[in-house]
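So the structure is just underneath, and the comments pick up after that.
Now the structure itself:
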């Protein structure tokens, strides 16, 4: 259907009609799908799309506002849930603190399960998703997250709903901000589209993103690579878009900048250039796991100016290799295992597990392949359980660790010091001999607890977290993956870098009872509180080692590099997190590189 007027994102369009006029070919790609004439325009999701809009569907392009709204409109109309999409133009009023100019007061929000607001006016788009059905939860789903932006738009939403409820009489106050995994920035596709679909399907956004990218932009694993000119690669040299070369292979490492152990500045200085020499070292020779990790950011091949024939030859060689005869099953297995040990990104169809499903109950079936698989890290979020309640229990934001445990540390420290200050505490060595314990000894007892924790930290990490479960034992493999294997498989999954307080309390409580059974009550508590403080510092340092950017030459800088080597190259060494102290007497220090 051709509409007389082309609606724009900054207009105030009417509510979309409940009937889908025409599905976009990139939404439901079938052989019978007839692509409408771009010059005439066609309607989808309440928007008329033209040739300029369709051009933004090309790989690497940024989806424009009309495509974003059309997609969400169709998604809402096709979903089994009741979904309403607010147009992003409302944000222009919110930025002026005007929440009543355009309040949708004729739309009964209470009748909907979800309300989506794509925000297309703040650089790369993101999605504000409100779950009316489950007690008014708000999700700010942004592939380039910012706490300030998250807070800003949550307050915008809350103020908007407050004013709207006052005019409509609906009781839709008391909104809470919720955390969910979000697919990371890749290109223009990360404007809330896949995150919206993931919410409606209760699925992992990264899984939905990888599945839909094939139909959305006509891409598949067998598609020939895209070729880039040198000048095009050289243009991507900023924090917002950073590309590098490895030989003739092009990588978009924008999302990896803040994770790089050497700091983002090292990559930015080499953006647009070949990093082959840096990968080989010195000063650091990158491991096979690091190379495999890099393959996740592969976007195409370099077509040097004037060498289009070479690029065409590469295309022909790759297409020819895809059309070779089918190999025997033994040959296939041998070649797949060999390819698996080289640099490769996750392939949803060929990986040893089905990433579309929760992993907890799959990994136990890997058997002998589990140890190699779990130590080949990927940059993607992990879903452990299908049950949302169980899944939520395995995730924790970093700030909950100090919020929960530091008040306990402060209270027990005050309690122990004031009790010792009374001067009535004595350590009974024999039935006839005891020595007084003064308050001045509390700092020493506290430090003893901290030192004890550092040893416990090392032992747990080495002998529990890095045990090699028997290949035939499904349950031990599963337990190992839940305890620590999932962290090595996805070391930058920010929701699983610290221990959930609920689970940690079981371990903390056990050590507390052990100390009370071996030492007098006040002495055991004094040692315990020092150990608990050491644990909090450990969890915070561990999080920082993965997401922080320490200054070059600092202690934390060297510690971060040490820990990254543990993840990517030396999984059987380097078990110290807060320090390398215990690695020395136990001979598990990561060796220095020799060139």
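Numbering (full-length UniProt numbering), first residue to last: 1 to 595.
A virtual CB, placed ideally from N, CA and C, is assigned to each residue, including glycine.
Review point. Applying the criterion that 16 or more other CB atoms from any shown protein chain within 10 Å of the CB defines a buried residue, is residue 115 buried or exposed?
Key: One-based indexing of the chain shown puts residue 115 at position 115. Buried.
Review point. From residue 314 to residue 494, what distance separates their C-alpha atoms?
Key: For the purposes of this step, residue 314 is identified with residue 314 of the chain shown, where counting begins at 1. For the purposes of this step, residue 494 is identified with residue 494 of the chain shown, where counting begins at 1. Here the model assigns residue 314 a pLDDT of 49, short of 50, so the residue's position is not dependable, and the following value carries that caveat. The straight-line gap from Cα to Cα measures roughly 38 Å.
**Study point:** Any chain B beta carbon closer than 8 Å to residue 162
**Key:** Although the question refers to chain B, the structure presented lacks it and comprises just one protein chain.
Review point. Within this structure, are the beta carbons of residue 237 and residue 267 separated by less than 8 Å?
Key: Residue numbering aside, residue 237 sits at position 237 when the chain shown is read from its first letter. Residue numbering aside, residue 267 sits at position 267 when the chain shown is read from its first letter. Contact: no.
Check your understanding: According to the Cβ coordinates, are residue 567 and residue 488 closer than 8 Å?
Key -> Reading the chain shown from its first residue, position 567 is the one you call residue 567. Reading the chain shown from its first residue, position 488 is the one you call residue 488. Yes, these two residues count as a Cβ contact at 8 Å.
Practice item. Name the two residues that bound the continuous beta strand (DSSP E) containing residue 301. Key: Here residue 301 refers to the residue found at position 301 when the chain shown is read from its first residue. Its beta strand (DSSP E) spans residues 298–302.
Review point. What is the rounded straight-line gap between the Cα of residue 105 and the Cα of residue 173?
Key: The count along the chain shown starts at 1 and reaches residue 105 at position 105. The count along the chain shown starts at 1 and reaches residue 173 at position 173. If I take the Cα positions, the gap works out to 15 Å.
**Study point:** Rounded straight-line distance, which links the Cα of residue 423 to that of residue 146
**Key:** Counted from its first residue, the chain shown places residue 146 at position 146. Counted from its first residue, the chain shown places residue 423 at position 423. Between residue 146 and residue 423, the C-alpha separation is close to 52 Å.
Point to revise | Spatial distance of residue 571 from residue 168 (CA atoms) | key: If you number the chain shown from 1, residue 571 lands on position 571. If you number the chain shown from 1, residue 168 lands on position 168. Roughly 59 Å separates the two Cα atoms.
**Study point:** Distance between residue 513 and residue 438 (C-alpha atoms, nearest Å)
**Key:** Counted from its first residue, the chain shown places residue 438 at position 438. Counted from its first residue, the chain shown places residue 513 at position 513. Approximately 23 Å, taken between the alpha carbons.
Check your understanding: Which term fits residue 458, buried or exposed, when burial requires 16 or more other beta carbons within 10 angstroms of its beta carbon?
Key -> Translated into positions along the chain shown, residue 458 becomes position 458. By the neighbour-count rule (16 or more Cβ atoms within 10 Å), residue 458 is buried.
Practice item. Pair every Cβ in the stretch 427–443 with every Cβ in the stretch 555–563, then say whether three or more of these pairs are closer than 8 Å. Key: no
**Study point:** Which listed residue (390, 453, 461) has its alpha carbon closest to that of residue 503
**Key:** On the chain shown, position 503 is the one that residue 503 refers to. Here the closest residue by C-alpha is 390.
Review point. In whole angstroms, what separates the C-alpha of residue 162 from that of residue 548?
Key: In the chain shown, counting from the first residue as 1, residue 162 sits at position 162. In the chain shown, counting from the first residue as 1, residue 548 sits at position 548. Approximately 37 Å, taken between the alpha carbons.
Review point. If we ignore side chains and look at the alpha-carbon of each, how far apart do residue 541 and residue 69 end up?
Key: By one-based count along the chain shown, residue 541 stands at place 541. By one-based count along the chain shown, residue 69 stands at place 69. Taking the straight line from one Cα to the other gives about 42 Å.
Check your understanding: Span of the beta strand (DSSP E) holding residue 131?
Key -> The sequence position of residue 131 within the chain shown is 131, counting from 1. Unbroken beta strand (DSSP E) run through residue 131: 126–131.
Review point. From the DSSP output, which residues share a beta bridge with residue 434?
Key: For the purposes of this step, residue 434 is taken as the residue at position 434 of the chain shown. According to DSSP, which records beta bridges pairwise, residue 434 is partnered with 428.
Check your understanding: Would you call the CB atoms of residue 254 and residue 240 closer than 8 Å?
Key -> By 1-based counting over the chain shown, the position of residue 254 is 254. By 1-based counting over the chain shown, the position of residue 240 is 240. The answer is yes: Cβ separation under 8 Å.
Check your understanding: So, helix, strand or coil for residue 497, using DSSP?
Key -> Locating residue 497 in the chain shown gives position 497, where the first residue counts as 1. Residue 497 falls in the coil class under three-state DSSP.
Check your understanding: Would residue 587 be called buried (16 or more neighbouring beta carbons within 10 Å of its own) or exposed?
Key -> For the purposes of this step, residue 587 is identified with residue 587 of the chain shown, where counting begins at 1. So residue 587 ends up on the exposed side.
Exercise for review: Under the assumption that residue 535 contacts residue 400 (Cβ atoms under 8 Å), give the Cβ distance between them as a whole number of angstroms.
Suggested key: Walking along the chain shown from the start, residue 535 turns up at place 535. Walking along the chain shown from the start, residue 400 turns up at place 400. About 14 Å; that fails the 8 Å criterion.
Point to revise | Alpha-carbon to alpha-carbon, residue 75 and residue 36 | key: Start at 1 with the first residue of the chain shown, and residue 36 comes out as number 36. Start at 1 with the first residue of the chain shown, and residue 75 comes out as number 75. Confidence at residue 36 is low in this model, with a pLDDT of 48, below 50, so its placement is unreliable and the value that follows should be read with caution. Their backbone Cα atoms lie some 19 Å apart in a straight line.
Point to revise | Residue nearest to residue 291 in terms of C-alpha spacing, selected from 300, 264, 276, 301 | key: Along the chain shown, one-based indexing puts residue 291 at 291. Residue 291 has its Cα closest to that of 276, out of 300, 264, 276, 301.
Exercise for review: Indicate the three-state DSSP secondary structure (helix, strand or coil) for residue 453 in the structure shown.
Suggested key: Residue numbering aside, residue 453 sits at position 453 when the chain shown is read from its first letter. DSSP places residue 453 in helix when its eight states are reduced to three.
Review point. In its own chain, which residues sit with a C-beta less than 6 Å from the C-beta of residue 279, not counting the 5 before and 5 after it?
Key: In the chain shown, residue 279 corresponds to position 279, counting from 1. For residue 279, where only same-chain residues beyond five positions count, the Cβ hits under 6 Å are 286.
Exercise for review: Starting from the C-beta of residue 83, find all residues in its chain whose C-beta is less than 6 Å away, skip the five residues before and the five after it, and write them out in chain order.
Suggested key: Counted from its first residue, the chain shown places residue 83 at position 83. The residues are 76, 114.
Review point. If you count every other CB in all the chains shown that lies within 10 Å of the CB of residue 252, and 16 or more means buried, which is it?
Key: One-based indexing of the chain shown puts residue 252 at position 252. Buried.
Review point. Shortest alpha-carbon distance to residue 120 belongs to which of 138, 417, 91, 95?
Key: Numbered from its first residue, the chain shown carries residue 120 at position 120. Ranking the options by Cα distance to residue 120, first place goes to 91.
Check your understanding: Start and end of the alpha helix (DSSP H) containing residue 402?
Key -> Indexing the chain shown from 1 puts residue 402 at position 402. Start and end: 400–421.
Point to revise | Whole-Å CB distance - residue 364 paired with residue 449, under 8 Å assumed | key: Indexing the chain shown from 1 puts residue 364 at position 364. Indexing the chain shown from 1 puts residue 449 at position 449. With 8 Å as the limit, residue 364 and residue 449 do not qualify as a contact, their Cβ atoms being about 37 Å apart.
**Study point:** With 16 other Cβ atoms within 10 Å as the buried cut-off, status of residue 247
**Key:** By 1-based counting over the chain shown, the position of residue 247 is 247. Answer is exposed; the Cβ neighbour count stays below 16.
**Study point:** Start and end residues, beta strand (DSSP E) containing residue 249
**Key:** Locating residue 249 in the chain shown gives position 249, counting from the first residue. Taken as a continuous stretch (DSSP letters only), the beta strand (DSSP E) holding residue 249 covers 249–252.
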